[in-house]
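To start, the structure under review is shown below, and the notes come after it.
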Ligand code: PMP
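Numbering (the working numbering), first residue to last: 656 to 998.
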């Protein structure tokens, strides 16, 4: 007997790759050392384990305020931006209403949409994954979505829309725009400074990428008070645990380290991009902490795993495409050496 609700019966679970390699460049995670010392701070903190967390997340919101400049009434925190994206759909989209995003983009958007029986449309990119803002606006007009999810820079292609392009989309519609800026620290086209100017814009952020804290699962949304109040109605109490909230707070208080780290990533991104281009590999300019490329080498991922390097392989419509996260200089060199020897 299948007890699953109708909407999830055709759903395939999001599969993470369990392969263990010493050079792990498959999931856009950051640097293992960046905030490692905060683990030690935990022991000396005044966290209580018997009490629930402060559900207002006062300290964390203060640290977010110092980073992005907004008041607690304009912030919701969550268990990774994954939870927050899910919350946006739960809060704003009813059954059979439409969610429009990009194609290709982060695959979880369509999974969340399906769970809530929403219709999902992916606005097709042009050749070479170029995003045409006018055709995105046209698709929004035609499909009249309740929610538009824009990933900027886009995962997995790395494509970056400029501020002007995103503004144009936001202003073209009354639909709510969830702007996922998970990777924006690696570029300079954030709309965060002007998010309050729009009543239909919310920005979703994570500490998993530039802050290199994917393990603690911390993210936040910044938006006008009305949108935040709606999301707060749906958010489960204590959704972010005390230990994660504490580490996220301390990391945000030491954001200079993150700024140094993104400088390294941007440099290394150029190194990898140029090296792949020199090898005649079709490689895409990226605004994120990864580089997307196409390769005809058969079983490339498997061959790299044999050399102890793990990268992300895509399938289906993106068969033959790969994404390598930017690692340390040493990790990136190991990838390039392995890649060259396979070629
Ligand atoms: N948005 C994008 C575009 C992502 O690529 C990811 C993770 N890979 C997420 C959101 C979710 O990140 P997290 O839940 O770790 O914040």
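Just so it is clear, CB atoms sit at the ideal spot from N, CA and C, and this is done for glycine as well.
query, result
"Name the DSSP bridge partner or partners of residue 758?", "779"
"Could you give the residue range of the beta strand (DSSP E) that holds residue 984?", "From DSSP, residue 984 is part of no beta strand (DSSP E) but of the alpha helix (DSSP H) over 984 to 997."
"Hey, which residues come within less than 6 angstroms of the ligand PMP, measuring from Cβ to any heavy atom, in chain order?", "683, 735, 736, 737, 761, 806, 810, 835, 837, 861, 863, 869, 874"
"Could you pull the start and end residues of the beta strand (DSSP E) that residue 835 belongs to?", "831 to 835"
"Please classify residue 804: does DSSP put it in a helix, a strand, or coil?", "strand"
"Round the Cβ separation of residue 855 and residue 832 to the nearest angstrom and send it over; I've been treating them as touching at under 8 angstroms.", "6 angstroms"
"For residue 964, which beta-bridge partners are listed by DSSP?", "678"
"Counting only runs of 4+ residues fully inside the segment 889 to 943, write out the alpha helix (DSSP H) ranges in chain order.", "897 to 908, 910 to 933"
"Could you tell me if residue 731 is buried or exposed, where buried requires 16 or more neighbouring beta carbons within 10 angstroms of its beta carbon?", "buried"
"Where does residue 767 sit, in a helix, a strand or coil, going by DSSP?", "helix"
"Only counting runs of 4 or more residues, tell me where the alpha helix (DSSP H) segments fall wholly within the segment 688 to 738, in order along the chain.", "693 to 699, 713 to 723"
"Grouping DSSP H, G and I as helix and E and B as strand, with all else coil, what is residue 952?", "coil"
"Answer yes or no: does any C-beta atom of chain C fall closer than 9 angstroms to that of residue 809?", "Any reference to chain C falls outside this structure, which holds one protein chain only."
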